[in-house]
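Colleague: So the number in our numbering is just where the residue sits in the first sequence, counting from 1, plus 148.
What follows is a structure written as structure tokens; I'll ask about it next.
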Amino acid sequence: MPDDLLEIYHRLLTHFGPRHWWPAKTPFEVVIGAILTQAVAWRNVEKAIAALEKAGLLTPEALYRCPTEQLAAMIHATLYYREKTKKIKAFLAYLFQNHTGDLEQMFRLPPDRLRRELLNIYGIGEETADSILLYAGGFPFFVVDSYTKRILFRLGLLPEKASYRMVQDYFQARLPKDSQLYNEYHAQLDALGQYVCKTRPLCSECPLLDLCAYARENKENQQKQD
DNA sequence: GGCCAGGACACCA
DNA sequence: TGGTGTCATGGC
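Set out below in structure tokens:
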């Protein structure tokens, strides 16, 4: 059945292999990467992360002290760098005002409360908050991105304009509450997303091609019955 | 030269 | 609540 999310997961894992996400050395790097990757492919973020690391700025203390203009210049390669500078500074202000700049202290908050607090920070929406919670904090929040939505729509499992919460609930209601599983599943969907582009309905290399076809036929049969 | 990429926010109806 | 404009680089 195409709605067996564990079957889909194991097929993707077999096809792509373990993805070892998130590509970061520290939880703080995850946070910065999660903000920088907004609306941009990861390859565009790598340059900025490398520049920050080279400058010794990948710690909360160093980045908190870093002048805004310098930070903006270092993340120039990522789209909307001025906005992202404001977002990073907003997160750092929250971290130092509420947790003395200590990420470990921040992650000792109850996860649901921390999620609400993150969402109150300028520039942190649901996807960014959940990426931080899952990949930096190890909490079981399923991360939904545009690939995830597109894939579920193509499989015929959810409407095209399903809300973030709808997609997240769909996964979390059908999967064990396991942060390692959520971690790898999202990484697998990212890999699959490259085969499920916006303009073409399906690519022949898609490892879920038969499920997509099944979903379409099923929908057509239902329409005939109606 | 044009299009698009792993979001989020402000504003408006 | 949902739709739309804005942000504003780099790769293809």
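We treat Cβ as the ideally placed atom computed from N, Cα and C, and that holds for glycine.
Which residue wins for smallest C-alpha separation from Arg302, given the options Arg230, Ile197 and Tyr343?
Modeller: The candidate whose alpha carbon is nearest that of Arg302 is Tyr343.
Colleague: Output the distance between the C-alpha atoms of Tyr295 and Ala339, rounded to the nearest integer angstrom.
Modeller: Straight-line Cα distance between these residues: approximately 9 Å.
Colleague: Whose C-beta lies closer than 6 Å to the C-beta of Cys214 among residues of the same chain, with five residues either side of it excluded?
Modeller: Once the five neighbours on either side are set aside, the close Cβ partners of Cys214 are Leu205.
Colleague: So, are the CB atoms of Phe430 and Phe290 less than 9 Å apart?
Modeller: What the structure shows of the chain is the stretch from 149 to 374, and residue 430 is not part of that stretch, so it cannot be assessed.
Colleague: Identify the continuous alpha helix (DSSP H) that holds Asn246 and give its terminal residues.
Modeller: Per DSSP, Asn246 belongs to the alpha helix (DSSP H) from Tyr229 to His247.
Colleague: So, do the stretch 278-288 and the stretch 164-181 have three or more beta carbon pairs nearer to each other than 8 Å?
Modeller: As far as the Cβ criterion goes, the stretch 278-288 touches the stretch 164-181, which means the pair count is three or higher.
Colleague: For Trp169, does the three-state DSSP call read helix, strand or coil?
Modeller: Reduced to three states, the DSSP call for Trp169 is coil.
Colleague: How many angstroms separate the CA atom of Asn192 from the CA atom of Arg159?
Modeller: For Asn192 and Arg159, the distance between alpha carbons rounds to 29 Å.
Colleague: What first and last residue would you give for the alpha helix (DSSP H) that runs through Lys325?
Modeller: Unbroken run through Lys325: none, as it is neither H nor E.
Colleague: Could you spell out the range, first to last residue, of the alpha helix (DSSP H) harbouring Val178?
Modeller: Start and end: Pro175 to Leu184.
Colleague: Can you list, in chain order, the residues of its chain whose CB lies under 7 Å from that of Lys237, leaving out five sequence neighbours each side?
Modeller: Correct list, in chain order: Thr216.
Colleague: Give me, in chain order, the residues of the same chain whose beta-carbon lies closer than 7 Å to that of Ala199; leave out the 5 immediate sequence neighbours on both sides.
Modeller: Closer than 7 Å at the Cβ level, and outside the excluded window around Ala199, lie Met222.
Colleague: With DSSP run on the structure shown, which of helix, strand or coil describes Arg256?
Modeller: Correct three-state label for Arg256: coil.
Colleague: With respect to the alpha helix (DSSP H) encompassing Lys202, which residues constitute its N-terminal and C-terminal limits?
Modeller: Residues Trp190 to Lys202.
Colleague: Hey, could you find the ends of the alpha helix (DSSP H) Glu275 is sitting in?
Modeller: Here the alpha helix (DSSP H) through Glu275 covers Glu274 to Ser279.
Colleague: Let me check you understand the geometry: is the CB of Ser294 closer than 8 Å to at least one non-hydrogen atom of the ligand ADP?
Modeller: You won't find the ligand ADP in this model; it holds no ligand whatsoever.
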